[in-house]
Every structure is written in structure tokens, then in C-alpha cells.
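Enquirer: Its first residue numbered 0, the sequence shown is counted upward by one per residue in numbering that gives the first Met the number 0.
The beta-carbon is built from N, C-alpha and C at its ideal position, and this holds for glycine as well.
Quick caveat, the model's predicted, so the values are computed rather than measured.
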Amino acid sequence: MVCLKITINDVAKLAGVSKATVSRVINNPETVSENLRSKILEVIDTTNYRPSKVAQALSNKRTNIIGIIIPDFTNPVFSKIIVGIEDVFKETEYDFLMTSTNFAVKTEIKQIKMFDEKNVDGLVILTDQINDELRAVLENFTKPIIIIGSDAGLEKIPVVKIDNYRAAFEVVSYLLNLGHEKIVMITGDMKDKFSGELRFDGYVSALKRKGLKVQREFVYSSKYSSKDGYKAMTKILTRTVVPTAVFCVNDKVAIGVLKCCHDNQILVPEDISVVGFDDIEIASLYNPTLSTVSQPFMEKGRAAAENMLKMINGKEVQREIVLDHELIIRQTTAKIKRKK
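Here it is as C-alpha cells:
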């Protein structure tokens, strides 16, 4: 037996109306009288007609697709954010397309233009480095945008973030309270607004509040991998003055620092305290367990997705959504050992 698929033309014929009237009942029911609407809906129910999602999207001038741009597919931090985004969108008619920039601004610009050409309904960007060229591309994007992580400095683009400055300030203040004064910071790229510049500013402010100067030899720039953390710590250990504490831009860098200390017979936290940032899964599993700053990554994703849906539907959203962070104290930090 062959089952023929019911089309909108069939519904119109059975209801004795035009195809356009059926379409209005489906997409804009308030424009059709109640009696006529009831008659057409009865036919739709009887025939089990299901409108094409593509056709509906086209009639509404929407694609029902959200673009998502992340810096790195392999980073567990970004994976958690994506899970939060997906939790919201899976309850809607929206699908999403996702690309990775590998932390390259030029790639990010290219991808934003590509999503604009594809006429996506909105764009969620996890971005770190915002230069003038990228800012101009964001300003010219024709659909709603929301950024997770870095403030673009654009009034029309909302951002979901934590207070990176405050979080870094709290970490360094905690280390100072333990008696540490020789505190190294392994920073990210200083062009990186949220995990580079703002966290470094928090480090500097905490030291200045204590009356301490920032020593150039106590600041190291690094990429965001464990391998780069290991390399940075290797350089630190060759210095005449070895620090008593190391604050790392993220947990992956901190894990590299811990491995380097282990390989060089340096005890953590007996000889050096180490603090990371992010609270990825390995932070609580490594030996010793890593003191770090915990971020609500899934909540970031949910907040971005929920606000994107509001923007698509013409509703106003907050310019800045600042979520809470938490300093997690584990085994890699301790009071400084005083010489007898």
C-alpha cells in the first residue's frame, strides 16, 4: 500500500480555501477569522498534515539556524559551554552550525562573514582577541550577535562573562595572605581581553595593594597548553630568584607547571604553590589536586542561548551578563615556609 504525503494544496482543496489562507493559519493565525481558522485546523488535524520546516522558515524569512564560533574544538572549557547552548536550543526549532578558529582572528573574521552570507538567524561567539578589524565586522553583521567571554566594547552586542579582573585579584590576594610575595604570573596573550589583559590587571592590582612592585622577570607570556606551561616553568626555574608561588592563566598551563616541578624534584605546595584558572576536570584529579578558579561554563552557554532567542524575537536583553566565579582551594597551595 502506498501512502501519499498530504501537501498544503490538498489541505486547501479539502477546506475550500486558497493555499495562501492555509499558510496564514499556520504562520500568522491571528490574521484569519476564528471560524475559518477552526475549519482549516480541523482539516489539518484530520489529514495529519505536517508543514515543512524549511517552508515555514522561508515564509518567516528565517533559516532556523544559529551560528556558533569557538576558538578550539579540543578544549574541555569550550565543550562545556556548547553543552549549555545545546540544552537551550534542543527545546526549540533551531539547529546550529559550529566552526573553530584555532585562536586566529583572521579565521574568525572569515567565519563571521560566512555566517552572514548563510543568513543565519543569530551568531554566538566565544572570542578572546578583539581588534579593530574584528570589531568592524561585528558591527556590520546583519543579525543578532552575543559574545561569550570578551567584551567587544560595542554597545549593541551583549556579552556573557565572569569578572576576570576580580577573580585574578582574589587569587593573588589569597597567595599574599599565605605569606607569598614572590608570585609569578604565567599570562596568556595580552591581546586576549578576558584571560590575558584583565587577569593580568587583577594580578598587578593585588600586588600594588600590598605595596609590592610588579617585577618584569616574574611575568611570563604563554600559550594555553600544558606543554607551554611546562616550557614557561622550565625558564622560571633557571632564574636566580625562584618564586614561591605561580598563578597560571588556565588549568592546562598549571598542569604543565606541576609536571615540570615534579620532574625537577620541586615539591608542591611545600616549595612552590600553584594556582590555575577554569576548574577543568583534571584539576580535581591530578596529584596534587589543583587550587583554581571555577567558572560556570554551562551556565554561560545557557545564558547566551536564552538571550539569543530573546534577541531573535525582538526582545531587549542585558548589555552585560556577569556570572559568579569561585576560588577553589585544594592541595597545590599552602603557607610559605619561613626560613629559621
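Considering only residues of the same chain and omitting the five flanking positions on each side of I145, which have a CB-CB separation below 6 Å?
Expert: Within the sequence shown, numbered from 1, the residue matching residue 145 stands at position 146. Excluding sequence neighbours, I145 sits near V123, P157, A303, N306, M307.
Enquirer: Can you look up D270 in the DSSP assignment and give me helix, strand or coil?
Expert: Taking the sequence shown and counting its residues from 1, one reaches residue 270 at position 271. It is coil, neither helix nor strand.
Enquirer: Any contact of the segment 174-189 with the segment 203-223, i.e. 3+ C-beta pairs under 8 Å?
Expert: yes
Enquirer: Assess, as a yes-or-no matter, whether the segment 287-301 is touched by the segment 80-99 under the definition of 3 or more beta carbon pairs within less than 8 Å.
Expert: yes
Enquirer: Taking the alpha helix (DSSP H) that E363 belongs to, which residues open and close that run?
Expert: Examination of residue 363 is not possible in this model, given that the chain is present from 0 through 339 alone.
Enquirer: Beta-carbon separation of K226 and G255 under 8 Å?
Expert: Mapped onto the sequence shown, residue 226 falls at position 227. Mapped onto the sequence shown, residue 255 falls at position 256. Cβ distance < 8 Å, so K226 and G255 count as in contact.
Enquirer: Which residue marks the beginning of the beta strand (DSSP E) containing A244, and which one marks its end?
Expert: For this step, residue 244 is matched to residue 245 along the sequence shown. Run containing A244: 244-247, per the beta strand (DSSP E) assignment.
Enquirer: In angstroms, rounded to a whole number, what distance separates the CA positions of E315 and R61?
Expert: What you label residue 315 is simply residue 316 of the sequence shown in a count that begins at 1. What you label residue 61 is simply residue 62 of the sequence shown in a count that begins at 1. The straight-line gap from Cα to Cα measures roughly 19 Å.
Enquirer: Out of V10, P75, V104, which one is the CA nearest neighbour of N249?
Expert: By 1-based counting over the sequence shown, the position of residue 249 is 250. Among V10, P75, V104, the Cα nearest to that of N249 belongs to P75.
Enquirer: If you draw a straight line from the C-alpha of K160 to the C-alpha of V292, how long is it?
Expert: Taking the sequence shown and counting its residues from 1, the one referred to as residue 160 is at position 161. Taking the sequence shown and counting its residues from 1, the one referred to as residue 292 is at position 293. About 14 Å.
Enquirer: Check whether the Cβ atoms of I147 and T100 lie closer than 8 Å to each other.
Expert: As a working mapping, residue 147 is identified with position 148 in the sequence shown. As a working mapping, residue 100 is identified with position 101 in the sequence shown. The answer is no: Cβ separation not under 8 Å.
Enquirer: Starting from F95, trace the beta strand (DSSP E) both ways and give me its first and last residue.
Expert: The residue you call residue 95 lines up with position 96 of the sequence shown. That run of the beta strand (DSSP E) goes 94-99.
Enquirer: Starting from the C-beta of L153, find all residues in its chain whose C-beta is less than 7 Å away, skip the five residues before and the five after it, and write them out in chain order.
Expert: For this step, residue 153 is matched to residue 154 along the sequence shown. The answer, listed in chain order, is R134, L137, E138.
Enquirer: Does the Cβ-Cβ distance between L177 and A282 come in under 8 Å?
Expert: Locating residue 177 in the sequence shown gives position 178, where the first residue counts as 1. Locating residue 282 in the sequence shown gives position 283, where the first residue counts as 1. Their beta carbons are not under 8 Å apart, which means L177 does not touch A282 by this criterion.
Enquirer: Got a sec, what are the start and stop residues for the alpha helix (DSSP H) V316 sits in?
Expert: Along the sequence shown, read from residue 1 onward, the residue named residue 316 stands at position 317. Taken as a continuous stretch (DSSP letters only), V316 belongs to no alpha helix (DSSP H), as it is neither H nor E.
Enquirer: With burial defined as no fewer than 16 other Cβ atoms inside 10 Å of the residue's Cβ, what is the status of S17: buried or exposed?
Expert: Position 18 of the sequence shown, counted from the first residue, corresponds to residue 17. That one is exposed.
Enquirer: Report the partner residues of V159 according to the DSSP bridge assignment.
Expert: Walking along the sequence shown from the start, residue 159 turns up at place 160. Here V159 is bridged, per DSSP, to I147, I320.
Enquirer: What does Y219 pair with, by DSSP beta-bridge criteria?
Expert: The sequence position of residue 219 within the sequence shown is 220, counting from 1. DSSP output for Y219 lists I185 as bridge partner(s).
Enquirer: Less than 8 Å separating the beta-carbons of I271 and A244?
Expert: One-based indexing of the sequence shown puts residue 271 at position 272. One-based indexing of the sequence shown puts residue 244 at position 245. Going by C-beta atoms, I271 is nearer than 8 Å to A244.
Enquirer: Going by the beta-carbon positions, is the gap between V21 and I39 smaller than 8 Å?
Expert: For the purposes of this step, residue 21 is identified with residue 22 of the sequence shown, where counting begins at 1. For the purposes of this step, residue 39 is identified with residue 40 of the sequence shown, where counting begins at 1. Yes. Within cutoff.
Enquirer: Helix, strand or coil, according to DSSP, for K339 in the structure here?
Expert: Position 340 of the sequence shown, counting from 1, holds the residue named residue 339. Note that K339 scores a pLDDT of 40, beneath 50, so its modelled location is shaky and nothing firm can be said.
Enquirer: Nearest CA to the CA of S204: which residue from K181, S172, V42, V240?
Expert: One-based indexing of the sequence shown puts residue 204 at position 205. With distances taken between Cα atoms, S204 lies closest to S172.
Enquirer: So the candidates are Q330, V241, I311; which of them puts its Cα closest to the Cα of V119?
Expert: Taking the sequence shown and counting its residues from 1, one reaches residue 119 at position 120. Closest by alpha carbon: I311.
Enquirer: Label D323 either buried or exposed according to how many other C-beta atoms from any shown protein chain fall within 10 Å of its C-beta, with 16 as the threshold for buried.
Expert: Numbered from its first residue, the sequence shown carries residue 323 at position 324. By the 10 Å Cβ count, D323 comes out exposed.
Enquirer: Whole angstroms are fine: how far does the CA of G201 sit from the CA of K251?
Expert: For the purposes of this step, residue 251 is identified with residue 252 of the sequence shown, where counting begins at 1. For the purposes of this step, residue 201 is identified with residue 202 of the sequence shown, where counting begins at 1. Distance between the alpha carbons of K251 and G201 is about 20 Å.
Enquirer: Among the residues of its own chain, which have a CB less than 8 Å from the CB of T91, if the five just before and after it don't count?
Expert: Taking the sequence shown and counting its residues from 1, one reaches residue 91 at position 92. Correct list, in chain order: L308.
Enquirer: Hey, how far is the Cα of N8 from the Cα of N63?
Expert: To locate residue 8, count along the sequence shown from 1; it is residue 9. To locate residue 63, count along the sequence shown from 1; it is residue 64. In a straight line, the C-alpha of N8 is about 24 Å away from that of N63.
Enquirer: Could you give the first and the last residue of the continuous beta strand (DSSP E) run that contains T291?
Expert: As a working note, residue 291 is residue 292 in the sequence shown. Counting along the chain, the beta strand (DSSP E) containing T291 begins and ends at 291-293.
Enquirer: Could you give the C-beta distance for A14 and V31, rounded to a whole number, given that I count them as a contact under 8 Å?
Expert: Along the sequence shown, read from residue 1 onward, the residue named residue 14 stands at position 15. Along the sequence shown, read from residue 1 onward, the residue named residue 31 stands at position 32. The distance from the Cβ of A14 to that of V31 is about 11 Å, inconsistent with a contact at the 8 Å cut-off.
Enquirer: Can you find at least 3 beta carbon pairs, one from the segment 230-244 and one from the segment 258-272, that sit closer than 8 Å?
Expert: yes
Enquirer: Of the residues R318, I335, S290, I320, which one's Cα is nearest the Cα of L326?
Expert: As a position in the sequence shown, residue 326 is number 327, starting the count at 1. Nearest C-alpha to L326: S290.
Enquirer: Could you tell me which of K117, N34, F102 sits nearest to S224, measuring between CA atoms?
Expert: As a first step, residue 224 must be located in the sequence shown, where it is residue number 225. When only C-alpha atoms are compared, the closest one is F102.
Enquirer: State the DSSP-derived secondary structure class of E132, mapped to helix, strand or coil.
Expert: Taking the first residue of the sequence shown as position 1, residue 132 is located at position 133. If DSSP states are grouped into helix, strand and coil, E132 belongs with the helices.
Enquirer: Please state the DSSP three-state secondary structure of D262.
Expert: Numbered from 1 along the sequence shown, position 263 holds the residue referred to as residue 262. Correct three-state label for D262: helix.
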